[in-house]
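Novice:
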Amino acid sequence: MSNEQLTEAVSDQLRDLLATLEGFDWVGRRLQPAGIGHLVDSLRPMQAPLAESSARLAALGWPEHLAEDGARLERAGHIVLQALESFLGGGDGSATMFDGSGMLQYYRALRCRVGAFEELYPLANVLVPVGRYFLEAAARDSNLLLQRLAAGPEDPATHVGFVDVDNGRGTRGGFTLYVPEYYTAERSWPLVVALHGGSGHGADFVWSWLGEARSRGMIVLSPTAQGDTWSMFSPSLDGGAIEAMVENVSRRWSVDAERILLTGMSDGGTFSLIAGFHETSPFTHLAPMCGVLPPLSVEARERVAGLPIYLVHGTLDWMFPAEVARMANDELSRLGAAITYREIADLSHTYPREENAAIADWFGVPLDLPVEGDDEPV
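Numbering (this note's numbering), first residue to last: 194 to 571.
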């Protein structure tokens, strides 16, 4: 096997792999019971090319010094092919919300691709297309940003990248943290606390903000609920745990106390409103997505006044109809919140990744890409 053969095989497999992941991103953004057949059909053409290029790569073998990286690339391809098979075989295109072969299987297939992210991310500084994939779209052409990420922190002893605290897939109540690789303690860093939806896990949901965090310079804290979902009826259970996590992270890393965002999807969006209105809440901004406004106590109503809230909902949401978000917007506005309401016409009950950039701008963290001669972090 020549170097040219291996290089070509890696390039082909990586092209097909990243294209399929982009396809999953596109489908995940549009997932809803109506139109499942169209979404399945949009992914089907990606299966054969990825299977073929993955098989060609596996057949070549790897030099010893590249064996670990090669194994990661092969495992990522295998995981995505399994996710594709599950998604394409999810039904006949007439899925109902929660029948056994319907929506849940499609959600599970999409969630499976997180395993591919975990295999690929250690290659972000080795394979440029991988590094670019894990940036927000507007930053992907910045070679200087890629160089800054690859250079790592000024202090080699600083923990950067992903940090898991009691947050393995079989556990509940821990958290996953992402700290940008160019972190320095000489400045304060905005913190995004991102809450997963019902039955989710923080180790999966942290990826929803990774591109913006790497591109703009934000720390992301993604907790896992202690139960199957957040403790809506015992708010202090998960709420107190999340506040303790924020305090823990703030002790170890330099967190900007004036920019701590609490956001979440579905049940996570609902719980962000519950925890964000608590009297001891450290959160300066809230961005609930596709959730509902819970009944508010007198104390919570007092906390709402003046609080910046970015409320996002989909007109096509089949789980929580858009009318509940419109009523929430009216109520929060009446209580004096500094509210931005975004109802997205083509959004169902899915996470709108494209909204992250606008939320980050609103949160006061613009995309400020490095330029030649710029010695300061992003």
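The C-beta atom is built at its ideal place from N, Cα and C for all residues, glycine as well. The structure displayed is predicted, hence computed values, not measured ones.
Would residue 267 and residue 251 be called neighbours here (beta carbons separated by less than 8 Å)?
Specialist: Closer than 8 Å, so yes.
Novice: Run through the stretch 234-266 for me and flag every whole alpha helix (DSSP H) of 4 or more residues, listed as ranges in chain order.
Specialist: Complete alpha helix (DSSP H) runs here, min 4: 240-253.
Novice: Just reading off the beta strand (DSSP E) that residue 307 is part of, what are its end residues?
Specialist: Counting along the chain, residue 307 falls outside any beta strand (DSSP E), though it belongs to the alpha helix (DSSP H) covering 307-313.
Novice: Taking the alpha carbon of residue 386 as the point to measure from, which residue in 529, 461, 427 and 511 has its own alpha carbon closest?
Specialist: Ranking 529, 461, 427 and 511 by Cα distance to residue 386 puts 461 first.
Novice: Identify, in the order they occur along the chain, each residue of the same chain with its Cβ nearer than 6 Å to the Cβ of residue 530, setting aside the five sequence neighbours on each side.
Specialist: Result list for residue 530: 497, 500 and 502, in chain order.
Novice: Do you know offhand how far residue 456's Cα is from residue 434's?
Specialist: Those two C-alpha atoms are separated by around 16 Å.
Novice: Give me the Cβ distance between residue 396 and residue 369, rounded to the nearest whole Å; I'm assuming they're in contact under 8 Å.
Specialist: With 8 Å as the limit, residue 396 and residue 369 qualify as a contact, their Cβ atoms being about 5 Å apart.
Novice: Helix, strand or coil for residue 293? Go by DSSP, reduced to three states.
Specialist: Because the pLDDT of residue 293 is 38, which lies under 50, any placement of that residue in the model is unreliable, and the question is left without a value.
Novice: Within its chain, find whatever has a CB closer than 6 Å to the CB of residue 276; leave out the 5 residues flanking it on each side and keep chain order.
Specialist: If we look at residue 276 and ignore the five residues flanking it on each side, its Cβ neighbours are 302, 305 and 306.
Novice: Assuming residue 253 contacts residue 198 under a Cβ cut-off of 8 Å, what Cβ separation, rounded to an integer in Å, is found between them?
Specialist: So it is a contact: roughly 6 Å between Cβ atoms.
Novice: Please classify residue 259: is it buried, with 16 or more other beta-carbons within 10 angstroms of its beta-carbon, or exposed?
Specialist: Exposed: under 16 other Cβ atoms inside 10 Å.
Novice: For residue 201, does the three-state DSSP call read helix, strand or coil?
Specialist: It is helical.
Novice: How close, in whole Å, do the beta carbons of residue 326 and residue 211 come, if the pair is a contact with beta carbons under 8 Å?
Specialist: Rounded, the Cβ-Cβ distance is 5 Å, consistent with contact.
Novice: Which partner residues of residue 348 appear in the DSSP bridge assignment?
Specialist: Its beta-bridge partners do not exist; DSSP assigns none.
Novice: If residue 604 and residue 467 are in contact, beta carbons under 8 Å, what's the gap, nearest whole angstrom?
Specialist: For residue 604 there is no data in the structure shown, the boundaries of the chain being 194 and 571.
Novice: Give me the Cα-Cα distance between residue 390 and residue 408, rounded to the nearest whole angstrom.
Specialist: Going from the Cα of residue 390 to the Cα of residue 408 covers about 25 Å.
Novice: Per DSSP, residue 356 forms a beta bridge with which residues?
Specialist: Answer is 370, bridged to residue 356.
Novice: Closest by CA to residue 491, which one among 470, 522, 511 and 202?
Specialist: For the residues 470, 522, 511 and 202, the minimum Cα distance to residue 491 belongs to 470.
Novice: Label residue 195 either buried or exposed according to how many other C-beta atoms from any shown protein chain fall within 10 Å of its C-beta, with 16 as the threshold for buried.
Specialist: Counting Cβ neighbours within 10 Å, residue 195 comes out exposed, since fewer than 16 surround it.
Novice: List, from N- to C-terminal side, the beta strand (DSSP E) runs of 3 residues or more that fit wholly inside the stretch 468-543.
Specialist: Here the runs fully enclosed are 478-482, 501-507 and 531-537.
Novice: Taking DSSP as the reference, what is the three-state secondary structure of residue 562?
Specialist: If DSSP states are grouped into helix, strand and coil, residue 562 belongs with coil.
Novice: Decide yes or no for the touch test of the stretch 542-562 against the stretch 396-405: beta carbon pairs closer than 8 Å, at least 3 of them.
Specialist: The answer is yes - the stretch 396-405 touches the stretch 542-562, with three or more Cβ pairs under 8 Å.
Novice: Assign residue 438 to one of three DSSP states: helix, strand, or coil.
Specialist: Looking at residue 438 - three-state DSSP - the assignment turns out to be helix.
Novice: Could you have a look at residue 557 and say whether DSSP puts it in helix, strand or coil?
Specialist: The answer is coil: DSSP assigns residue 557 none of H, G, I, E or B.
Novice: Can you tell me whether residue 361 is buried or exposed? The criterion is at least 16 other CB atoms within 10 Å of its CB, across all chains shown.
Specialist: Exposed, by the Cβ-count rule.
Novice: Beta-carbon separation of residue 589 and residue 410 under 8 Å?
Specialist: What is shown of the chain runs 194 to 571, which leaves residue 589 out entirely.
Novice: Please work out which residues of its chain come closer than 8 Å, Cβ to Cβ, to residue 279, disregarding the five sequence neighbours upstream and downstream, and give them in chain order.
Specialist: If we look at residue 279 and ignore the five residues flanking it on each side, its Cβ neighbours are 298, 301, 302 and 305.
Novice: Got a sec, what are the start and stop residues for the alpha helix (DSSP H) residue 316 sits in?
Specialist: From DSSP, residue 316 is part of no alpha helix (DSSP H); its letter is neither H nor E.
Novice: Once the 5 residues before and after residue 525 are set aside, which same chain residues still bring their CB inside 8 Å of it?
Specialist: Here the set comprises 486, 497, 502, 504 and 532.
Novice: Rounded to a whole number of angstroms, what is the C-alpha to C-alpha distance between residue 135 and residue 201?
Specialist: With the chain covering 194 to 571 only, the question about residue 135 has no answer from this structure.
Novice: Starting from residue 325, trace the alpha helix (DSSP H) in both directions and tell me its first and last residue.
Specialist: Its alpha helix (DSSP H) spans residues 321-326.
Novice: Thinking just about the alpha-carbon of each residue, which of 556, 442, 388 and 296 is nearest to the one in residue 233?
Specialist: Of the listed residues, the one whose Cα sits closest to residue 233 is 296.
Novice: Taking DSSP as the reference, what is the three-state secondary structure of residue 218?
Specialist: If DSSP states are grouped into helix, strand and coil, residue 218 belongs with the helices.
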